[in-house]
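Remarks on the structure that follows.
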Amino acid sequence: MCGIIGCILSSGLVAPILFSGLKRLEYRGYDSAGMATICEGKLYLKKDSGKIDDINARLNFMDMPGSLGIAHTRWATHGAPSRENAHPHLDCSGRIAVVHNGVIENFLELKRELEDRGHRFTSRTDTEVIPHLIEEGVESGLNLYEATLQAVRRLRGSYAIAVISTVEPDKIVCARNESPLIVGIGDGAYYCASDIPAILEYTRNFISMDNGEIAILSLGGVEFRKISSGEIVSKKSFTVDWSVELAEKQGYPHFMLKEIYEQPLSLRNALRLQEQYLDLLSRFIDRGERVFLVACGTSYHACLAASYMFSKIAKVAAFPVVASEFLEQYGDSVGIDDVILAVSQSGETYDVLRAVDHARMKAATVLGLTNTVGSTLTRISRAYIVQQSGPEIGVAATKTFTSQLIVLAQLAMKVANLRGKLSQQESDHLRDSLKSMPEVVNRVLNSCADNVKLLAKRYAKKNLFLFLGRGINVATALEGRLKLLEITYIPSLAFSAAESKHGPISIVEKGVPVIFIAPRDSTRKEIVGNIMEMKARGAEIIALCEEDDGELIGLVDHHIPMPKGVPDILSPIPYVVPLQLFAYYVAVERGLDPDKPRNLAKSVTVP
Ligand code: F6R
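The letter at position 573 of the sequence shown is residue 627 when you use this note's numbering, and the numbering goes up by one with no holes.
Spelled out as structure tokens, the structure:
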């Protein structure tokens, strides 16, 4: 997730507006930033890695001339944070500048093709193919709009782009597919930006761009067209009366809720990983004598779920280990033939890095899964994958958890295919199910929110909760519990429902809410038994179960209907969503700020 902004003014300098927009967009990414303006037929460019204020202190964006320009704040996905990889990116001639938010899936093939035709690339980003594609259109006699249209028609993946060029120094062309983009209309000014807060200081009049649209901004007005047909689209503007603070959360009262609702998008981005890195990691995993999945907190829960995925489909025993215990538990036995897959959203968690350092010393192969390009984990791993969730502001991990799950599922599937463990039919079915996850989560969000809110209201004053599941959904239960306890401070327990009789059931008495994660999977018969034993002790049962699961619905006090037909190994992805919402709404009911739970930091970089 990056932030982009563009602006044309009838008079005055654009740089201060772009700079203040960048500051407002900083929450979307902050590892590098850049700006390009056009003045008297010349293109000016400044960019670097680092925080926006630090870059500005070094380069002084404010002295950039011109009343038209674009700017970008980056959250690296392809290529580490560096000056070369910072946006804007230029074509060979230095006449066209592009900023981009999103992921271009087919950039490698486009890059090869462009290089064969003599284009020179200076970065490792996916974005850089765009100015070069536009350059080819311009060279062939197309105007900036036509050349951009031709270029974006070649792109697969997600993008919000803004393009300027000295060839037509009075226009900004922008286009959108899946990444957000809005147009702002001011007094003698036109803007485009990733979101409303970036320009709310300057205008309250907006037009949203839809997927598959391209827009041409000039002082004469804005024209919107369809990318597919080039047909003009007429669009209505709307006025925003939000405060800047509310706008940063896109109208959501908290970042946590915004991030929960972002999951369909972050899952789509996590399905756009570069195949060559998935291939590389899966080959290392396949060759490993033993595979350890090492992480903390929520990331550990993703690892726990992944251990079921690897076992069930790839027939690989992968051991999930809490990073802080890795040294004590396996430190003496880990060796050259082992593979450690470290999972860390931040890539900076102390215990994870310590485990990884030790494993490296013992010559084991270290792999990483992280959300942060340029983090320590990416620097010390033999190979790594970036989950592409964008920055997560809420302290409680939500969208980064489901993205980790979907990346790990893709890895497990790759290893399964390498080992010949999946038939064509099984493989196709899994691939289709993976692809459907963003939409499945979207449906869950739409269908369960009201129901969950009511349940949160009803149970907010309870002082104990139990979360129970079996199989892979033990991980879901643990994650649901962690979400609830970290932001509501309500003591709660989670464990395999099978374990109840071995002790924890003694805690259950009349009125204790017990949340069962109960899809129709291979553990189903046993789960019914576990529900019965909890009911017999007076517990109030809330079940997350398939929408037509009449038998279960008849047994429990409340149920949250879930979509049918989700394969077992993917079920934690949709099933965790109502639990995230439940934790969120209970916190709100108790008057707590879910974005800032007490005693917690987003990244734990100390022992
Ligand atoms: C919980 C949460 C933490 C982190 C944990 C690991 O909501 O966010 O439990 O999951 O601190 O952090 P990373 O993934 O950055 O290593």
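Heads up, the beta-carbon is just placed ideally off N, CA and C, and yes, glycines get one too.
Measuring C-alpha to C-alpha distances from Gly275 to each of Val498, Val631, Tyr244 and Ala641 identifies Tyr244 as the nearest. Inside the segment 581-624, DSSP marks whole alpha helix (DSSP H) runs of 4 or more residues at positions 604-609, from first to last along the chain.
Val562 counts as buried, since at least 16 other C-beta atoms from the protein chains shown sit within 10 angstroms of its C-beta. Taking 7 Å as the cut-off, the C-beta of Glu316 does not count as close to any heavy atom of ligand 1.
Spatial neighbours of Lys537 in its own chain (CB-CB distance under 7 Å, excluding positions within 5 residues in sequence) are listed in chain order as Ala450, Leu633, Gln634 and Ala637.
In the DSSP annotation of this structure, Phe636 is not part of any beta strand (DSSP E); the continuous alpha helix (DSSP H) holding it starts and ends at Pro626 to Glu643.
Contact annotation: Tyr438 and Thr530 have beta-carbon atoms that are not nearer than 8 Å.
Exposure of Val298 is indicated by the presence of fewer than 16 other C-beta atoms within 10 angstroms of its C-beta.
CA-CA distance, Ala377 to Leu532, rounds to 16 Å. Distances from the CA of Ala396 to each of Gly389, Val388, Ser387 and Leu407 were compared; the closest alpha carbon is that of Leu407. The DSSP assignment places 437-440 as complete runs of the beta strand (DSSP E) inside the segment 425-454, in order along the chain (cut-off: 3 residues). Between the segment 115-124 and the segment 157-167, the count of Cβ pairs shorter than 8 Å is below three; the stretches do not touch.
In the three-state reduction of the DSSP assignment, Asp170 falls in the helix class, which pools H, G and I. Bridge partners of Ile124 according to DSSP: Gly60 and Ala90. Leu395 has Leu347 and Leu421 as its beta-bridge partners, per DSSP. Asn231 has Tyr213 as its beta-bridge partners, per DSSP. Put simply, the backbone Cα of Ile596 is about 40 Å away from that of Leu79. Ile569 and Phe521 have their C-alpha atoms some 5 Å from each other.
Apart from the 5 residues on each side of it in sequence, Thr403 sits with its Cβ closer than 6 Å to the Cβ of Cys350 and Val658 in its chain, given in chain order. Looking at the DSSP output, Tyr98 bridges to Thr91. Relative to Ser443, the option among Ser400, Asn471, His308 and Lys650 whose CA is nearest is Ser400. Sixteen is the threshold: since fewer than 16 other Cβ atoms of the shown chains lie within 10 Å of the Cβ of Ser477, the residue is exposed. Taking Asn265 as reference, the option from Ser288, Glu285 and Leu235 with the minimal CA-CA separation is Leu235. Distance from Ser435 to Glu255 at the Cβ level is roughly 41 Å; contact not present, criterion being Cβ atoms closer than 8 Å. Per DSSP, reduced to three states, the secondary structure at Tyr244 is strand. DSSP places Glu329 in the helix class (H, G or I) of the three-state scheme. Burial of Leu423 is indicated by the presence of at least 16 other C-beta atoms within 10 angstroms of its C-beta. Here the C-alpha atom of Pro648 lies approximately 13 Å from the C-alpha atom of Ala655. Annotation for Gly191: Glu200, Ala201, Gln204 and Ala205 place their beta carbon closer than 7 Å to its own, counting only its chain and skipping 5 residues before and after. Non-local C-beta neighbours of Gly525 in its own chain, meaning closer than 8 Å and more than five positions away in sequence, comprise Tyr362, Asp575, Ser576, Thr577 and Asp622, ordered along the chain. In the DSSP annotation of this structure, the continuous segment of the beta strand (DSSP E) that includes Ser550 starts and ends at Ser546 to Ser550. Taking the Cα of Asp602 as reference, the smallest distance to any Cα among Gly592, Asp611, Met616 and Lys579 is reached at Met616. Between ligand 1 and the CB of Gly351, the shortest heavy atom gap is smaller than 7 Å. Measuring C-alpha to C-alpha distances from Leu509 to each of Ser560, Gly448, Glu643 and Lys564 identifies Glu643 as the nearest. Residue pairing for Thr293: DSSP places it in a beta bridge opposite Asn259.
His154 is positioned such that its CB atom lies closer than 8 Å to that of Ile184.
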